[in-house]
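Novice: Quick one: the structure is below, and I'll ask about it shortly.
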Amino acid sequence: MNYCISFVLLLSVVTACTKDLGRDLPFNGPDLVLYGVLSPDSVVTLQVRQTYPPTGRYVYEKGVQTALVYLYEDSVRIEQLRHQQEGQYGSARNTKPQVGKSYYYVVSSPGYPDAYSLPERIPGPVKISDVVFDEAISAPLNSGVPARKLVCTFTDPATPNDYYSIDIAGYSDEKEVAVNSVGLDRPDEFEDGCGFRSNGQSNGYNLSDICFNGQTTTVRVGVELEGPTRPTGIRGKVTKILLRLHRTNRGYFEYNRTFNIGEGLLQAFQAPQVRYSNVRGGYGIILAYNSDTVTIIP
Amino acid sequence: MEWHPLPRHTIQAGTEVIRHRFRPTGVSTTYGINPDTLARVNAAIPATEAAVYAEDEFTVSTWLRTNVGLRAVAYQVAGKTYSYTEPRFSLSVSPNSRLSLKFAYSRMHQFVHLLSSNSVGLPNDIWVPATQRVPPQRSDQITVGLTYSLPNQLLSVTLEAYHKTLSGLIDYQTGTNFLTNFSRQWENTVERNGIGDSKGVELLVLKTQGRVTGWMAYTLARHRRRFPTIDQNRWYAPNYDRRHVFSLTGQYAISEQVSLAATWIYQSGQPTTVPIAIQENIAGEATAYPPLIYGDRSNFRMPAYHRLDLSLTIRHVTRRIRQAQWSFGVYNAYNQANPFYLDFDRRLVYAAPRQPVGFDYKVVRRAVFPVLPYVTYSLSFPR
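Just so you know, the sequences run in chain order V and U.
Counted from 1, the first sequence has number 110 at position 110 by the working numbering; the numbering is strictly sequential.
Convert by adding 1000 to the 1-based position in the second sequence; the result is the number in the working numbering.
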């Protein structure tokens, strides 16, 4: 691979030239893009946006503000969501999704094809049974920075086709810290069917219970205890970590798995990536999950 | 082995055995990957191919010849044996010395597959073997053709048409290729059981005598394939599909020592897969760039490829009576920027620092080999 890249770079530098293609790529849109989260912990909201042509200069619209958004629970229409701001629609009755019930949206707006999401069932509760954060390790990315191994344990129910996501967020005196973490169960670029690290959510680790159905499992992550605080960028020591375990729908897992990160030279090798979507007639994702959070003081 | 059992029959028969050792993937890393996993990904694939064949060339008369043959081939890999018979038949009719007509049919099995990238990025082709999980591919081809030499014998015209059906094809799963999915076994990155269809007409006009010689070749062709698991089983064009391929080559002998040559080549653009839309990064994912939305495979064609090559050749005899030749030429004489691959020029539109509010994307073509002058000198040594 390195030789291949070196050869191509040499060839490119010596003889290459770059010219505009001179024409725009075809665009059949715009289509609606729906993005929503269904969790028993939060009131239902849905972002309604649109697609843009793949070439040209565009400034994003402030969402699609004229849409009719209907929420269905177990195939029964229960509410029309109201527009709140900039394409975000929310429940006026403070509806929260209920465990075991399935939900979907039907959205229409003048000038766009109608879109709807596939029914997504809210997963049952999940519990982090044990967390160990004592073992000091060498910093995986920034030499000299203190780091520890985080071991999170939970038990998967006997039902098949469960998906999980573990997210790590660091804080320094209530300011968010961009912590660096590294999966210790498999290399970050390695996807083996049991799980993978999210490319799009840098401290997210995704798992499928295909490898531990009905069993207790552990996730091991190396976490650095220093990093730039947001939004100033000044480095700070991590004084608190929020560890969130989500039990999710398949869409959550697949949406993260199909994130298309190809940046820089890697983009030249990137295969066309079709992002998973549970929206029909448009694009986007409806994520459904139940979660448990543990606060860790290092 | 050749055998002449009857006056007008020539029977040829033979056998061959090939021992293959394929190694499609070679990953090395300093990361602590489980050695078993790495060994599985990097494992070599041994295979054995054995065949016997026989064919009878039968000269029915001075104007009619046939060739009937059969090949039996077996391919063994990882405990799995694929065995096939491959019939072949050809008929050649020459009613006079100027005209000949031919018809041919053949069935073939191929135990290696070509995997080609289908995105806008750098082109890459990889050969992989048939395995226990990836069966060989099969083709059935019918060809008809005619060759006619004009009365003054200066020109000959060949016209051929072919139709080939393919089965057992493989192609990359959507969103995968070997270079970015090296962590997966390659068999897990391909779709199987594809079928294909190629048809075309080829015209060749050849002039071999006189001061001006050369040829003109034109092919009108269509290649397509489909898989139950790609684009809802719709046909799509593989990246080697070219609707029109034209080449014109001419040589003019100014004298016995000096000649000029020119070649012009034209090919329709290569199919590729491009995004059909862009969506905002509303999920707050770790990139400033908005995600691309891809549609069907091979939904776009690159610009056509064409170039002109010119050369001047001077022959002479050295003092030691050796044939020598100087050639002065120019490759891609009009400096056409033929696309080697397409790429995105991506810029973001900012309302404030770190606050992208839009994008400015365009597609660019990366070209290599601009106009290239060259000089060659060759010297022949008598045997």
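The beta carbon of each residue, even a glycine, is placed where N, CA and C say it ideally should be.
Helix, strand or coil for R57/V? Go by DSSP, reduced to three states.
Specialist: In the first sequence, residue 57/V corresponds to position 57, counting from 1. DSSP places R57/V in strand when its eight states are reduced to three.
Novice: Can you tell me where the beta strand (DSSP E) holding E1256/U begins and where it ends?
Specialist: As a working note, residue 1256/U is residue 256 in the second sequence. It is not in any beta strand (DSSP E) - E1256/U carries neither H nor E in the DSSP assignment.
Novice: Any contact between the segment 177-188 of chain V and the segment 220-230 of chain V? By contact I mean 3 or more CB pairs, one from each, below 8 Å.
Specialist: Contact between the segment 177-188 of chain V and the segment 220-230 of chain V is present, because at least three Cβ pairs lie under 8 Å.
Novice: What are the residues that DSSP puts in a beta bridge with Y1361/U?
Specialist: For the purposes of this step, residue 1361/U is taken as residue 361 along the second sequence, with counting starting at 1. In DSSP, Y1361/U forms a bridge with G56/V and R1346/U.
Novice: Just to make sure I have the definition right: I need the residues of chain U whose C-beta is within less than 8 Å of the C-beta of T51/V. Which are they?
Specialist: In the first sequence, the residue the question calls residue 51/V occupies position 51. By Cβ distance, chain U contributes A1277, I1278, Q1279 and I1293.
Novice: Would you kindly work out how many angstroms separate the C-alpha atoms of T159/V and L150/V, rounded to a whole number?
Specialist: For the purposes of this step, residue 159/V is identified with residue 159 of the first sequence, where counting begins at 1. For the purposes of this step, residue 150/V is identified with residue 150 of the first sequence, where counting begins at 1. Roughly 27 Å between the two C-alpha positions.
Novice: Under 8 Å, Cβ to Cβ, is there at least one residue of chain V near R1192/U?
Specialist: On the second sequence, position 192 is the one that residue 1192/U refers to. False, the Cβ-Cβ gap to chain V never drops below 8 Å.
Novice: In chain order, what residues of the same chain lie with their CB nearer than 6 Å to the CB of V13/V, ignoring the 5 residues before and after it?
Specialist: Locating residue 13/V in the first sequence gives position 13, where the first residue counts as 1. Bear in mind that the predicted position of V13/V carries a pLDDT of just 48, short of 50, making it unreliable; the figure below should be weighed with that in mind. Excluding positions up to five away in sequence, the list is empty.
Novice: Report buried or exposed for K1362/U, applying the criterion of at least 16 other Cβ atoms within 10 angstroms of its Cβ.
Specialist: Indexing the second sequence from 1 puts residue 1362/U at position 362. With 16 or more Cβ atoms within 10 Å of its Cβ, K1362/U is classed as buried.
Novice: For S1097/U, count neighbouring Cβ atoms within 10 angstroms of its own Cβ and tell me buried if that reaches 16, exposed if not.
Specialist: Within the second sequence, the letter at position 97 stands for residue 1097/U. Exposed: under 16 other Cβ atoms inside 10 Å.
Novice: Which residue comes first and which comes last in the beta strand (DSSP E) that contains G251/V?
Specialist: As a working note, residue 251/V is residue 251 in the first sequence. Run containing G251/V: none in the beta strand (DSSP E); it sits in the alpha helix (DSSP H), R250 to R257.
Novice: Can you give me the C-alpha to C-alpha distance between V69/V and K240/V, rounded to a whole angstrom?
Specialist: Here the question's residue 69/V lines up with position 69 in the first sequence. Here the question's residue 240/V lines up with position 240 in the first sequence. About 39 Å.
Novice: Can you list the residues of chain U that C17/V reaches, using a CB-CB cut of under 7 Å?
Specialist: In the first sequence, the residue the question calls residue 17/V occupies position 17. Near C17/V (Cβ distances below 7 Å), the residues of chain U are A1337, A1367 and P1370.
Novice: With W1215/U and V1205/U assumed to form a contact (beta carbons below 8 Å), what rounded beta-carbon distance in angstroms separates them?
Specialist: Numbered from its first residue, the second sequence carries residue 1215/U at position 215. Numbered from its first residue, the second sequence carries residue 1205/U at position 205. About 6 Å separates the two Cβ atoms, so the contact holds.
Novice: On the DSSP bridge assignment, give the partners of G1069/U in chain order.
Specialist: On the second sequence, position 69 is the one that residue 1069/U refers to. According to DSSP, G1069/U bridges with E1055/U and R1088/U.
Novice: Residues of the segment 1222-1246 of chain U in Cβ contact with chain V at a cutoff of 9 Å, in chain order, please.
Specialist: The residues in question: there are none.
Novice: Would you call G282/V buried or exposed, if buried means 16 or more other Cβ atoms sit within 10 Å of its Cβ?
Specialist: To locate residue 282/V, count along the first sequence from 1; it is residue 282. Flag for G282/V reads buried.
Novice: Are the C-beta atoms of N28/V and some chain U residue less than 8 Å apart?
Specialist: If you number the first sequence from 1, residue 28/V lands on position 28. At least one chain U Cβ lies under 8 Å of N28/V.
Novice: Exposed or buried, which one is N206/V when buried takes at least 16 other CB atoms within 10 Å?
Specialist: The sequence position of residue 206/V within the first sequence is 206, counting from 1. Classification of N206/V: buried, given that the 10 Å Cβ count is 16 or more.
Novice: Listing by chain order, which chain U residues have their CB less than 9 Å from the CB of L21/V?
Specialist: What you label residue 21/V is simply residue 21 of the first sequence in a count that begins at 1. M1302, P1303, P1339, L1342, K1362, V1363, V1364 and R1365, listed in chain order.
Novice: Can you find a C-beta in chain V that's less than 8 Å from the C-beta of I1282/U?
Specialist: Taking the first residue of the second sequence as position 1, residue 1282/U is located at position 282. Yes, its Cβ sits closer than 8 Å to a Cβ of chain V.
Novice: Is any beta-carbon of chain U found at less than 8 Å from that of G200/V?
Specialist: Counting from 1 along the first sequence, the entry for residue 200/V is found at position 200. Yes, contact with chain U.
Novice: Using three-state DSSP, classify Q1012/U as helix, strand or coil.
Specialist: Counting from 1 along the second sequence, the entry for residue 1012/U is found at position 12. Q1012/U falls in the strand class under three-state DSSP.
Novice: Does any CB atom of chain V fall closer than 8 Å to the CB of T1273/U?
Specialist: Residue mapping note: residue 1273/U aligns to position 273 of the second sequence, counting from 1. Chain V contact via Cβ: present.
Novice: Please tell me whether E1057/U and T1010/U are closer than 8 Å, where the distance is taken between their beta carbons.
Specialist: Here residue 1057/U refers to the residue found at position 57 when the second sequence is read from its first residue. Here residue 1010/U refers to the residue found at position 10 when the second sequence is read from its first residue. Contact flag set, yes.
Novice: Residues of chain V with CB closer than 7 Å to the CB of E1187/U, please, in chain order.
Specialist: As a position in the second sequence, residue 1187/U is number 187, starting the count at 1. Simply none; closest approach about 13 Å.
Novice: Here's the rule: buried if 16 or more other CB atoms are within 10 angstroms of the residue's CB, otherwise exposed. What is Q50/V?
Specialist: In the first sequence, counting from the first residue as 1, residue 50/V sits at position 50. Under this definition Q50/V is a buried residue.
Novice: Are the C-beta atoms of Y1374/U and some chain V residue less than 8 Å apart?
Specialist: To locate residue 1374/U, count along the second sequence from 1; it is residue 374. For Y1374/U, the answer is no, since every Cβ of chain V falls outside 8 Å of its Cβ.
Novice: Please return the same chain residues whose Cβ sits closer than 7 Å to the Cβ of W1063/U, not counting the five positions on each side in sequence.
Specialist: Sequence index remark: in the second sequence, residue 1063/U carries index 63 (1-based). Taken in chain order, the residues that qualify are V1093, S1094 and P1095.
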